[in-house]
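Visitor: Got a structure here, written out as structure tokens. Questions coming.
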Amino acid sequence: GQDVTSRFLPLLISLSITKSGTEATQSATFTLDDKDATVRFPKTGTPVSIELGWQGGAMRTFEGEVDTCDWSTDRGAGSVLSITARSASLKGKVKQPADRHWEKKKLGQVLEDAAGDAGLSIKVHPSLASRELDYEAQDNESFLAFADRLAREHGATFAIKGTQAGFVPRNVGVSATGQPLPTIVITRGTVISASGLTPVTDRPRFKKKKGRWY
Numbered sequence: 036g037q038d039v040t041s042r043f044l045p046l047l048i049s050l051s052i053t054k055s056g057t058e059a060t061q062s063a064t065f066t067l068d069d070k071d072a073t074v075r076f077p078k079t080g081t082p083v084s085i086e087l088g089w090q091g092g093a094m095r096t097f098e099g100e101v102d103t104c105d106w107s108t109d110r111g112a113g114s115v116l117s118i119t120a121r122s123a124s125l126k127g128k129v130k131q132p133a134d135r136h137w138e139k140k141k142l143g144q145v146l147e148d149a150a151g152d153a154g155l156s157i158k159v160h161p162s163l164a165s166r167e168l169d170y171e172a173q174d175n176e177s178f179l180a181f182a183d184r185l186a187r188e189h190g191a192t193f194a195i196k197g198t199q200a201g202f203v204p205r206n207v208g209v210s211a212t213g214q215p216l217p218t219i220v221i222t223r224g225t226v227i228s229a230s231g232l233t234p235v236t237d238r239p240r241f242k243k244k245k246g247r248w249y
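Here the working numbering is used: the first residue of the sequence shown is 36, the next is one more, and so on.
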């Protein structure tokens with residue numbers, strides 16, 4: 036890939052990266068000032084990687100591919116190009132409905148079969164992979180919907196990055212793809228730009244209440 040920071044930084048209006056424990060893919064959205072109509076539309080599927088931090092110490096915080104591009108213009112905001120990238124492609128078999136069922140199979144085997152049908156590989160945490168299922172059905176569900184439902188039912192986090200999916204229990208100190216999560220020390224001064232506090236309010240307080248019935 037090519038480092039395009041120097042070309043895009045003067046045009047950058049905003050950048051946001053969304054990572055959620057309840058969504059299978061991460062997303063990044065960046066908005067560019069296109070007042071001179073000089074920014075080319077990137078092709079869908081173009082690789083995207085984002086590194087944030089000080090020069091020489093930046094950390095890669097997102098890796099994926101272009102999903103959608105939107106261009107708009109008005110008298111107030113001017114011409115703006117908004118690009119959304121996702122950590123995995125949501126096209127093709129991953130969102131294609133499928134029908135399949137399993138009897139007396141372990142959860143890991145079920146997920147591996149369904150992922151394989153969708154053209155993906157998946158790593159399932161051993162504590163979840165060994166769970167025995169009497170019956171499970173993928174009833175006109177895409178792999179994305181099927182694995183997301185199983186994650187809710189089994190208290191797991193499900194995620195896709197590229198062609199690799201992960202399925203791990205929550206709160207065990209590993210990412211959805213099985214990588215150990217580093218310890219991060221957060222202090223108030225480094226993350227809070229604004230705050231507010233109302234320690235006491237009298238409105239919900241009362242000594243008595245009276246009711247009538249007939």
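Glycine included, C-beta positions come from ideal geometry on N, C-alpha and C.
1) Could you check how far apart the C-beta atoms of Q199 and S156 are, in whole angstroms? I think they sit under 8 Å.
2) So which of A191, L168, D152 and K140 has the shortest CA-CA distance to V159?
3) Closer than 6 Å by C-beta to T108: which residues in its own chain qualify, once you throw out the five before and the five after it? Chain order, please.
4) Taking only runs that begin and end inside the stretch 175-218, name each unbroken alpha helix (DSSP H) of 4 or more residues, in chain order.
5) Looking only at C-alpha atoms, which of I52, P204 and G127 sits nearest to A87?
6) Under the rule that 16 or more other beta-carbon atoms within 10 Å means buried, what is Q61, buried or exposed?
7) Just the C-alpha distance for V220 and F178, rounded to the nearest angstrom, thanks.
8) According to DSSP, is A234 part of a helix, a strand, or is it coil?
9) Run through the DSSP bridge pairs and tell me what Q61 is partnered with.
10) With burial defined as no fewer than 16 other Cβ atoms inside 10 Å of the residue's Cβ, what is the status of S122: buried or exposed?
11) Which of the three DSSP states, helix, strand or coil, is assigned to D38?
12) Entirely within the stretch 90-160 and at least 3 residues each: give me those beta strand (DSSP E) ranges in chain order.
Guide: In this structure, then:
1) 6 Å
2) A191
3) S114
4) 178-188
5) One detail in the question is off: residue 87 reads as Leu in this sequence, not Ala. It is I52.
6) buried
7) 36 Å
8) Looking at the sequence itself, residue 234 is Pro, so the reference to Ala does not match. Looking at P234 - three-state DSSP - the assignment turns out to be coil, as it is neither helix nor strand.
9) Q61 pairs with nothing; no bridge assigned.
10) buried
11) coil
12) 94-109, 113-121, 133-141 and 156-159
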